[in-house]
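Data block below; observations after.
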Amino acid sequence: SSTLDLEVNLPGLFRPEFS
Amino acid sequence: VVYGDEDKDAPITKIRDARPHQDSPLTEDDAASFFHKKGFCLFPQNTKVKRWNEDYLKGMVFGSDITKVYSPELESIIRNYLLPEYHVISVDCPPAVLRRGPSSRNNFYGTGVHQDYGLSLEDYKNNLKAYDFSGQAAKEVQKKFDSDQVCGVMVINFWRPIGGYTKANPLRSKPLAVCDPAFVDNGDTVHTALDATSVGGLKGKQTDQMALKYSPQQQWYYYPNMTDDEVLVFKQFEVWKDDSMDKREALPVRGVFHTAFVDPNTPEGSPPRQSTECRVQVFIGKRKE
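Quick note, the sequences are listed as chains D and P, same order.
Under the working numbering, think of the first position of the first sequence as 3, with each following residue one higher.
Under the working numbering, think of the first position of the second sequence as 265, with each following residue one higher.
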């Protein structure tokens, strides 16, 4: 059966830090 | 960090459909085995609960379907399937459920990645204190934890839709995304607190939970199209006497980070989600011989 994998904006995840 | 439904600045995250990773149709044994590996699973369960009481005080004083029906059902799942390899010392099921959706006391959803109880026993007790009008809850937990036969404590969440959802007409709105704790680095967790009064707790107290920094190694899952006969079981907290308790930075992440999210496949006009949470505290003894 086919999967329902998604790519979404997950709310509240801190953005990765760049330095 | 913006906690909201339209958080377009949040990192794009892959969320895997977890259903193909479990047996189909679901079986109790396979669900339990998945829970062992991942800290969460979809468990098949036809509950006999008719009335989803959400009043903790009434439930405590007068009893309810939660105390009389759901509690023994969940205890049986825990003892027979989720933790059969351990001597389970006690299973503490609350006398009510946390209900979400229209006509519930909480007509909003937990939108925003979080974990509810922190990492250490101190974190957990802090959280209990924030809501504890008796002033005894944290002391009782410590006392139980310290008793000779107890080796560890776990909080297991039973998250279930109750909207009359069937295979032909399943839950489509605002599913729950869950993150495999084995792929969450302690260093990516952020210790957070809420003013307890903002969440129905005590004045002057703070809750204790965690937020999460994005990392590409994190593995997110969800169960699309849940029905009333399925319960999403996930570990919210777990500590053992063997853990080195002095440093919360050294504790592994075992609680499952989670959030409600907008599923792009939800058909327009789908009714809002109706669901319940039941958080069960389990004191665990030695492994069985």
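Glycine included, C-beta positions come from ideal geometry on N, C-alpha and C.
In this text the structure is predicted, and so the values were computed from the model without any measurement.
Starting from residue i, follow the beta strand (DSSP E) in both directions and report where the run begins and ends.
i	result
HIS351/P	350–356
VAL10/D	8–11
TYR485/P	484–486
ALA524/P	522–524
From the DSSP secondary-structure annotation, give me the bridge partner or partners of residue i.
i	result
ASP459/P	GLN470/P
VAL544/P	ILE420/P
PRO308/P	GLU494/P
ILE276/P	ASN11/D
GLU502/P	MET418/P
PRO425/P	SER539/P
GLN379/P	MET474/P
VAL454/P	ALA475/P
ASP281/P	TYR486/P
PHE2/D	Since the first residue of chain D shown is 3 and the last is 21, residue 2/D is not available in this structure.
ARG551/P	TYR350/P
Where do the ends of the alpha helix (DSSP H) carrying residue i lie?
i	result
ASN391/P	385–395
LYS302/P	292–302
VAL414/P	Run containing VAL414/P: none; DSSP gives neither H nor E here.
VAL442/P	First-last for VAL442/P: 440–443, but that is the beta strand (DSSP E), not the alpha helix (DSSP H).
LEU362/P	No alpha helix (DSSP H) holds LEU362/P; the beta strand (DSSP E) holding it covers 362–364.
PHE326/P	320–326
PRO241/P	Here chain P covers residues 265 to 553 and nothing more, so residue 241/P does not appear.
Buried or exposed: residue i, going by 16 or more other Cβ atoms within 10 Å of its Cβ?
i	result
ASN390/P	buried
SER411/P	exposed
ALA432/P	exposed
ASN529/P	exposed
PRO359/P	buried
PHE326/P	exposed
THR291/P	exposed
HIS522/P	buried
GLY268/P	With a pLDDT of 43 at GLY268/P, under the threshold of 50, the predicted position of this residue should be treated as unreliable, though the coordinate-derived value follows. Answer is exposed; the Cβ neighbour count stays below 16.
ARG315/P	exposed
MET324/P	exposed
ASN317/P	buried
ASN310/P	exposed
GLN405/P	Here residue 405/P turns out to be Val, not Gln, going by the sequence shown. It is buried - the Cβ of VAL405/P has at least 16 other Cβ atoms within 10 Å.
GLN400/P	exposed
Out of curiosity, what's the CA-to-CA distance linking residue i and residue j?
i	j	result
TRP484/P	PRO275/P	13 Å
ASP319/P	PRO425/P	18 Å
PRO308/P	SER479/P	32 Å
SER384/P	SER534/P	40 Å
GLY468/P	SER398/P	15 Å
THR491/P	ASP510/P	43 Å
THR456/P	TYR388/P	12 Å
ALA475/P	LEU321/P	30 Å
LEU496/P	CYS542/P	11 Å
GLU553/P	PHE372/P	46 Å
GLY451/P	TYR381/P	17 Å
VAL417/P	GLU386/P	12 Å
ASP294/P	CYS305/P	9 Å
GLU349/P	ARG551/P	6 Å
How about residue i: is its C-beta nearer than 8 Å to some C-beta of chain C?
i	result
VAL377/P	Protein chains D and P are contained in the structure displayed, whereas chain C is not.
- [ ] Could you run through the region 461–480 of chain P and flag, in chain order, every residue whose CB is less than 8 Å away from some CB of chain D?
- [x] ALA475, LEU476, LYS477, TYR478 and SER479
TODO: Check each residue of the region 484–497 of chain P: if its Cβ is closer than 9 Å to any Cβ of chain D, include it; give the result in chain order.
DONE: TRP484, TYR486, PRO488 and ASN489
- [ ] With 9 Å as the limit, tell me which residues of the region 400–431 of chain P have their beta carbon closer than that to any beta carbon of chain D; keep them in chain order.
- [x] none
TODO: For the region 505–522 of chain P, enumerate the residues whose C-beta is nearer than 7 Å to any C-beta of chain D, in chain order.
DONE: none
Task: Under 8 Å (Cβ pairs) to chain D, residues found in the region 275–289 of chain P - done: PRO275, ILE276, THR277, LYS278, ILE279, ARG280, ASP281, ARG283, PRO284 and SER288
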